[in-house]
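Asker:
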């Protein structure tokens, strides 16, 4: 929970205006209060604006080059807030509660255009012109009840978290359009609607025990989490027909996903000598899942137990130099949006959909690190097993491309990462990073896919400047560059971004005015190419990251109040909703 100085309060209010391709704005504030044994920490934020995304896909089918331009505009408005309450029951017992709410409304419109070009003449053989809409309203309510009991003055403690959240994401997707073939002249029509109401409920309980001893600092814990996800789907898709569609009858589908996770862990942290320290951890996790669809006549159970060890060993060569080695194994579970099986049609030949049967992936990571003053270097190796990602699956016979999520990647990665902070001048701080790695990926798709291997590299520099002696005028310039490389099944092209800011602080630094420019040269577009099912594909996606922003914030009350967030017991599950 956020902690405030006794018998005090503070607050902050802010507003910002952001100009992307279209305009948007945000505003909000926070309020912290402490009186005797009671404390409150709260925040509220609102935003409203438009977002524009450029999307260009090229598929080199045997009968011609299919190019789809499908930029979309999204009107986005959202509201989120949280309130943290804490009561000091006694000198060794504190009790708290938290409520969090978030809702975002998306209204998306697009007009995808797909011409098909002859390879020899560049003539347009046919084209498809569509109009589409998508309306989403994800909403989450989350509550937490927590207790912290200090057992003594040596750091022994017990903490308990009880959590619940409900998440709803109704979405409606429509499309309509026509297909025109030049010779012989033929005009056909298509139309569709897909609706889905996704409801997710999660209950969880978590207990943690910290037990310092003369031998080592021990930690124990256990957690149980149960999640239910329901999808009620109605859909109609006409395909290509000879006459415009006037009436359509929707079909009904359903999907239910149940997940229960029981976990227990133990850890030990010990200083072996003045220079050596070590930490061991072991987490045992049992998972039971059920995927059920009455309409599809599917009922799939999964039941597995996994062990997740961790290890850390550190050697302090001197006050300035440290060596360390770490190993960890973790689980990556798909987000609930990725599990949403509702289909979005760009046109009858191009669809985007989730995969209700995605499984978790497992990642092993080893790092050898060296730190000397402000220099940090790490040599690392990782293995990603059964990783999930979006993949375009073309059919050369039908010219249909399905963009869906699959567990299909096993990746090994060996690399070195370096970071240097320069702060020898009072008016300039520079944080500089370099990461280079070699990656090799194997794929498990219906049609055999060649292994992918290559080198990735990225450099970045982040620089902050103090422009006056009073410390009230600041500026910054940041830049990153990503070299051509590989990402799973894709070859990636270079990308970069240059960003700047200028900040002025007034009224004893309580009032801040900030001007910011991001991705000034619009150079951060994602450009990829791949060959799947013997069809070569390229793509360019630009996520509207160039913007200019002006923001204003003002602080009220006691500046000395420090605050921290209480970590709830279901952070991982909430993160899978996108919150």
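Residue numbers (the numbering used here): 153 to 731.
No residue lacks a Cβ here, since even glycine has one placed at the ideal position from N, Cα and C.
Can you tell me where the alpha helix (DSSP H) with residue 726 in it begins and where it stops?
Answerer: To locate residue 726, count along the chain shown from 1; it is residue 574. Element bounds for residue 726: 723-727.
Asker: DSSP three-state call for residue 603: helix, strand or coil?
Answerer: The residue you call residue 603 lines up with position 451 of the chain shown. Coil at residue 603, not helix or strand.
Asker: Taking just the CA atoms, how far does residue 480 sit from residue 415?
Answerer: Counting from 1 along the chain shown, the entry for residue 415 is found at position 263. Counting from 1 along the chain shown, the entry for residue 480 is found at position 328. Their Cα atoms are separated by approximately 16 Å.
Asker: To the nearest whole angstrom, what separates the beta carbons of residue 277 and residue 270, a pair I think is in contact under 8 Å?
Answerer: For this step, residue 277 is matched to residue 125 along the chain shown. For this step, residue 270 is matched to residue 118 along the chain shown. With 8 Å as the limit, residue 277 and residue 270 qualify as a contact, their Cβ atoms being about 6 Å apart.
Asker: Are the beta-carbon atoms belonging to residue 340 and residue 393 less than 8 Å from one another?
Answerer: The residue labelled residue 340 in the question sits at position 188 within the chain shown. The residue labelled residue 393 in the question sits at position 241 within the chain shown. Cβ atoms of residue 340 and residue 393: closer than 8 Å.
Asker: Classify residue 367 as buried or exposed, calling it buried when 16 or more other Cβ atoms lie within 10 Å of its own Cβ.
Answerer: For the purposes of this step, residue 367 is taken as residue 215 along the chain shown, with counting starting at 1. It counts as exposed.
Asker: In the DSSP output, what is residue 239 paired with across the bridge?
Answerer: Your numbering for residue 239 matches position 87 in the chain shown. Answer is 190, 247, bridged to residue 239.
Asker: Who does residue 287 pair with in a DSSP beta bridge?
Answerer: Here residue 287 is taken as the residue at index 135 of the chain shown, counted from 1. 259, 324, per the DSSP bridge assignment.
Asker: If residue 475 and residue 467 are in contact, beta carbons under 8 Å, what's the gap, nearest whole angstrom?
Answerer: As a working note, residue 475 is residue 323 in the chain shown. As a working note, residue 467 is residue 315 in the chain shown. Indeed, because the Cβ distance is near 5 Å, the residues count as touching under 8 Å.
Asker: Report the option in 493, 458, 299 whose CA atom is closest to the CA atom of residue 383.
Answerer: Counted from its first residue, the chain shown places residue 383 at position 231. Answer by Cα proximity: 493.
Asker: Ends of the beta strand (DSSP E) at residue 564?
Answerer: Here residue 564 is taken as the residue at index 412 of the chain shown, counted from 1. 552-577 is the extent of the beta strand (DSSP E) around residue 564.
Asker: Give me, in chain order, the residues of the same chain whose beta-carbon lies closer than 6 Å to that of residue 517; leave out the 5 immediate sequence neighbours on both sides.
Answerer: Translated into the one-based positions of the chain shown, residue 517 becomes position 365. So the list reads 480, 534, once near-sequence residues are dropped.
Asker: To the nearest angstrom, how far is it from the Cα of residue 375 to the Cα of residue 413?
Answerer: Position 223 of the chain shown, counting from 1, holds the residue named residue 375. Position 261 of the chain shown, counting from 1, holds the residue named residue 413. Roughly 8 Å separates the two Cα atoms.
Asker: Put residue 336 into one of helix, strand or coil per three-state DSSP.
Answerer: Counting from 1 along the chain shown, the entry for residue 336 is found at position 184. Note: residue 336 maps to coil in three-state DSSP.
Asker: Can you have a look at residue 435 and say buried or exposed, based on whether 16 or more other CB atoms are within 10 angstroms of its CB?
Answerer: Within the chain shown, numbered from 1, the residue matching residue 435 stands at position 283. So residue 435 counts as buried.
Asker: Nearest to residue 707 by alpha carbon, out of 180, 387, 372, 176?
Answerer: Here residue 707 is taken as the residue at index 555 of the chain shown, counted from 1. It is 180 whose Cα lies nearest to the Cα of residue 707.
Asker: Classify residue 153 as buried or exposed, calling it buried when 16 or more other Cβ atoms lie within 10 Å of its own Cβ.
Answerer: Your numbering for residue 153 matches position 1 in the chain shown. Because residue 153 carries a pLDDT of 43, less than 50, the predicted location of this residue cannot be relied on, and no value is offered for it.
Asker: Please report how far the alpha carbon of residue 160 lies from the alpha carbon of residue 301, in whole angstroms.
Answerer: On the chain shown, position 8 is the one that residue 160 refers to. On the chain shown, position 149 is the one that residue 301 refers to. Whole-angstrom Cα-Cα distance: 24 Å.
Asker: So what does DSSP say about residue 272, is it helix, strand or coil?
Answerer: Translated into the one-based positions of the chain shown, residue 272 becomes position 120. Reduced to three states, the DSSP call for residue 272 is coil.
Asker: How do the stretch 519-528 and the stretch 548-556 stand: do at least 3 beta-carbon pairs fall below 8 Å, yes or no?
Answerer: No, the stretch 519-528 is not in contact with the stretch 548-556.
Asker: Counting C-beta neighbours from all protein chains within 10 Å, is the total for residue 497 16 or more, i.e. buried, or is it exposed?
Answerer: Here residue 497 refers to the residue found at position 345 of the chain shown. Counting Cβ neighbours within 10 Å, residue 497 comes out buried, since at least 16 surround it.
Asker: Residue 166 bridges to which residues according to DSSP?
Answerer: What you label residue 166 is simply residue 14 of the chain shown in a count that begins at 1. Paired residues: 180, 705.
Asker: For residue 156, which residues from the same chain have a beta carbon less than 6 Å from its beta carbon, with the 5 sequence-adjacent residues on both sides left out?
Answerer: Against the chain shown, residue 156 aligns to sequence position 4. The predicted position of residue 156 is uncertain, since its pLDDT is 46 and thus under 50; a value taken from the coordinates is nonetheless stated next. 184, 186, 191, 713.
Asker: What is the rounded straight-line gap between the Cα of residue 721 and the Cα of residue 215?
Answerer: For this step, residue 721 is matched to residue 569 along the chain shown. For this step, residue 215 is matched to residue 63 along the chain shown. Looking at the two C-alpha atoms, the distance is approximately 54 Å.
Asker: Taking 8 Å as the threshold (C-beta atoms), are residue 233 and residue 281 in contact?
Answerer: Indexing the chain shown from 1 puts residue 281 at position 129. Indexing the chain shown from 1 puts residue 233 at position 81. Against a cut-off of 8 Å, the Cβ pair of residue 233 and residue 281 comes out as no contact.
Asker: Do the stretch 577-594 and the stretch 606-626 touch if we need at least three Cβ pairs shorter than 8 Å?
Answerer: With the cut-off at 8 Å, the stretch 577-594 and the stretch 606-626 touch.
Asker: Check the C-beta distance from residue 307 over to residue 364 and give it rounded, since I have them as a contact under 8 Å.
Answerer: Here residue 307 refers to the residue found at position 155 when the chain shown is read from its first residue. Here residue 364 refers to the residue found at position 212 when the chain shown is read from its first residue. Confirmed, Cβ separation roughly 5 Å.
Asker: Starting from residue 426, trace the beta strand (DSSP E) in both directions and tell me its first and last residue.
Answerer: Counted from its first residue, the chain shown places residue 426 at position 274. Premise fails: residue 426 is in no beta strand (DSSP E) and is neither H nor E.
Asker: Of all the options 386, 349, 279, 639, which has the alpha carbon lying nearest to the alpha carbon of residue 337?
Answerer: One-based indexing of the chain shown puts residue 337 at position 185. Here the closest residue by C-alpha is 279.
Asker: Quick check on DSSP: helix, strand or coil for residue 584?
Answerer: Along the chain shown, read from residue 1 onward, the residue named residue 584 stands at position 432. Note: residue 584 maps to strand in three-state DSSP.
Asker: Please identify the residue among 284, 372, 686, 645 whose C-alpha is closest to the C-alpha of residue 544.
Answerer: On the chain shown, residue 544 is found 392 positions in, with the first residue counted as 1. Comparing Cα positions, the closest option is 686.
Asker: With the cut-off set at 8 Å, would you say residue 735 and residue 171 are in Cβ contact?
Answerer: There is simply no residue 735 to check, as the chain begins at 153 and stops at 731 in what is shown.
Asker: If we ignore side chains and look at the alpha-carbon of each, how far apart do residue 427 and residue 472 end up?
Answerer: The residue you call residue 427 lines up with position 275 of the chain shown. The residue you call residue 472 lines up with position 320 of the chain shown. Whole-angstrom Cα-Cα distance: 12 Å.
Asker: With distances taken from CA atoms, which of 487, 263, 297, 399 is nearest residue 511?
Answerer: Here residue 511 is taken as the residue at index 359 of the chain shown, counted from 1. The residue with the shortest Cα to Cα distance from residue 511 is 487.
Asker: Exposed or buried, residue 188, counting other C-beta atoms within 10 Å across all chains shown (16 or more means buried)?
Answerer: Within the chain shown, numbered from 1, the residue matching residue 188 stands at position 36. So residue 188 counts as exposed.
Asker: Would you list the residues sitting across from residue 535 in a DSSP beta bridge?
Answerer: Mapped onto the chain shown, residue 535 falls at position 383. The partner list for residue 535 (beta bridge, DSSP) reads 516, 564.
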